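Following the working numbering, the numbering of the sequence shown begins with 742 at its first residue and continues without gaps.
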Amino acid sequence: MAALVARRLSGLLRPLSRSVGTSPLQTRQLSLFSQRQPLFGTAAAAVCAPVRSAAAQPPRCPLLHRVSALVPSLTWQPCRNLTYVSLKKGKRKTVQSVTARFMRLHCGLWIRRKAGYKKKLWKKLPARRKRLREIVFCNKTQSKLLDKMTTSFWKRRNWFLNDPYLKYHDRVNL
Numbered sequence: 742m743a744a745l746v747a748r749r750l751s752g753l754l755r756p757l758s759r760s761v762g763t764s765p766l767q768t769r770q771l772s773l774f775s776q777r778q779p780l781f782g783t784a785a786a787a788v789c790a791p792v793r794s795a796a797a798q799p800p801r802c803p804l805l806h807r808v809s810a811l812v813p814s815l816t817w818q819p820c821r822n823l824t825y826v827s828l829k830k831g832k833r834k835t836v837q838s839v840t841a842r843f844m845r846l847h848c849g850l851w852i853r854r855k856a857g858y859k860k861k862l863w864k865k866l867p868a869r870r871k872r873l874r875e876i877v878f879c880n881k882t883q884s885k886l887l888d889k890m891t892t893s894f895w896k897r898r899n900w901f902l903n904d905p906y907l908k909y910h911d912r913v914n915l
């Protein structure tokens, strides 16, 4: 483990040492101490030595790639924080997949079906199928994100005839 960390740190510091002011001649002299000089006793050793030395050298890659392995926040993280914008007036637009998959209650909570409730039902047990048919609430961060992805049209109160979610729209008796 310590050897792995030492190897990674030496790979990170190598480009930095060049920028500090060490000349390429000094760097080359230092690197000669760390490399093994092959002794060619046979023809087979002479053929295998360049292959071994090429495999021992680390691949040349930019500094960001070396650092990103140690610091994962530098790499790109997928996120869906904003929405679509109209081309004519520049207003926010609703992401249509949100309105198809989720339902917003008037109190601000979002509800959804469990994942996989339609997939490969023939191989699932009846108890699992019943659990998948349930409707669950989204948590606070998901609700905030879904509110950003929809416009005010989807946040207004709707009155439906025989609404099965009528008792869930208002949070009372908490």
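We treat Cβ as the ideally placed atom computed from N, Cα and C, and that holds for glycine.
Being a predicted model, the structure only gives us computed values, none of them experimental.
Using a Cβ-Cβ cutoff of less than 7 Å, which residues in the same chain neighbour residue i once the five nearest sequence positions on both sides are dropped?
i, result
"S884", "G849, L850 and W851"
"Y909", "L846"
"L907", "none"
Whole angstroms are fine: how far does the CA of residue j sit from the CA of residue i?
i, j, result
"R854", "R833", "26 Å"
"S827", "P867", "45 Å"
"F843", "R898", "15 Å"
"A841", "K830", "25 Å"
"R912", "K859", "30 Å"
"R874", "Y825", "31 Å"
"D904", "A856", "23 Å"
"A914", "S893", "As written in the sequence, residue 914 is Asn, which differs from the Ala given in the question. Roughly 27 Å separates the two Cα atoms."
Do residue j and residue i come within 9 Å of each other at the CB atom, strictly closer than that value?
i, j, result
"V836", "T882", "no"
"L887", "V839", "yes"
"R845", "W895", "yes"
"R870", "L862", "yes"
Near residue i, which residues of its chain fall below 8 Å by C-beta distance, leaving aside the five closest residues on each side in sequence?
i, result
"C879", "F843, L850, W851, I852, R853 and L887"
For residue i, which residues from the same chain have a beta carbon less than 6 Å from its beta carbon, with the 5 sequence-adjacent residues on both sides left out?
i, result
"K864", "none"
If you scan the segment 826–880 from start to end, which runs of the alpha helix (DSSP H) of 4 or more residues do you find wholly inside it? Along the length of the segment 826–880, whole alpha helix (DSSP H) runs at least 4 residues long occupy 837–842 and 867–873, reported in chain order.
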